Amino acid sequence: MREIRFRCWDKEHKCWNKEPTDRYQSSWICNMLDAGLTYDFGGPVFHKLRFELSQFTGLYDCDGKDIYEGDILISEDSIGTTYVYVVVWNHNGYSLDNIMSVELNGRKSFIFVSTVSGWTGVEFKIIGNKFEDPELLGE
162 MREIRFRCWD KEHKCWNKEP TDRYQSSWIC NMLDAGLTYD FGGPVFHKLR
212 FELSQFTGLY DCDGKDIYEG DILISEDSIG TTYVYVVVWN HNGYSLDNIM
262 SVELNGRKSF IFVSTVSGWT GVEFKIIGNK FEDPELLGE
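So the sequence shown is residues 162 to 300, counted in our numbering.
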């Protein structure tokens, strides 16, 4: 069974919130699903407008780092082409949105290329995440 873990981005302070700790996980998940507007970590209550959750996918990158929703990954194919992906959640599970860097009117932008699922056999490296490194996505 896959380990269920979350990390929590504090939009106001632009940092990862240290909660939830392992001892709060089960009660936190139940309360999160029922509460609606707040996340309950077994202690203080956190408002959803201020925080964004990111769930562990159960997978690891080539360096053994946990891959979470919102992470930005790169991979390389057999001829050396580099691909950039963002880990996203949809109703069927986790997938990777493949994005491509383009130059538009002298400005670097990113466009959506495709969605990839079934990650087996591909080696990925985490280069950042959409919270701490929005510039990697042209934001």
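Glycine included, each C-beta is placed from N, C-alpha and C at the ideal position.
Quantities reported herein were computed from a predicted structural model and do not represent experimental measurements.
So what's residue i in DSSP terms, helix, strand or just coil?
i, result
"L210", "coil"
"N192", "At N192, the pLDDT of 49 sits below 50, so the modelled position is not reliable; the number obtained from the coordinates is stated separately. N192: helix per DSSP, three-state reduction."
"E164", "coil"
From residue i to residue j, what distance separates their C-alpha atoms?
i, j, result
"K175", "C169", "11 Å"
"K226", "I287", "8 Å"
"F217", "W250", "11 Å"
"S188", "L298", "Low local confidence applies: a pLDDT of 46 at S188 is under 50, so the model's placement there is unreliable, and no value is given."
"G289", "I233", "5 Å"
"D107", "F285", "Look at the range of the chain in this structure, 162 to 300, and you will see that residue 107 is not part of it."
"L214", "R166", "10 Å"
"E293", "V283", "25 Å"
"P295", "H252", "24 Å"
"L257", "I240", "21 Å"
"V247", "D224", "17 Å"
What is the C-beta distance between residue i and residue j, in whole angstroms, given that I count them as a contact (C-beta under 8 Å)?
i, j, result
"Y229", "S236", "No, Y229 and S236 are not in contact; Cβ-Cβ is about 17 Å, not under 8 Å."
"G231", "K291", "5 Å"
Starting from residue i, trace the beta strand (DSSP E) both ways and give me its first and last residue.
i, result
"S239", "Careful: S239 lies outside any beta strand (DSSP E) and carries neither H nor E."
"I228", "D227 to Y229"
"F167", "F167 to D171"
"C223", "Element bounds for C223: n/a, residue is neither H nor E."
"N178", "C176 to N178"
"K286", "K286 to N290"
Using alpha carbons as the reference points, say which of the options lies closest to residue i.
i, options, result
"L210", "K172, Y221, N253 and K291", "K172"
"T242", "N259, V248 and F167", "N259"
"E164", "L220, I240, E296 and W177", "L220"
"F212", "V247, L257, C223 and N178", "N178"
Given the structure, does residue i come close to the ligand GTP, in the sense that its CB is under 6 Å from one of the ligand's heavy atoms?
i, result
"V248", "In the structure shown, the ligand GTP is absent, as is every other ligand, since no ligand is present at all."
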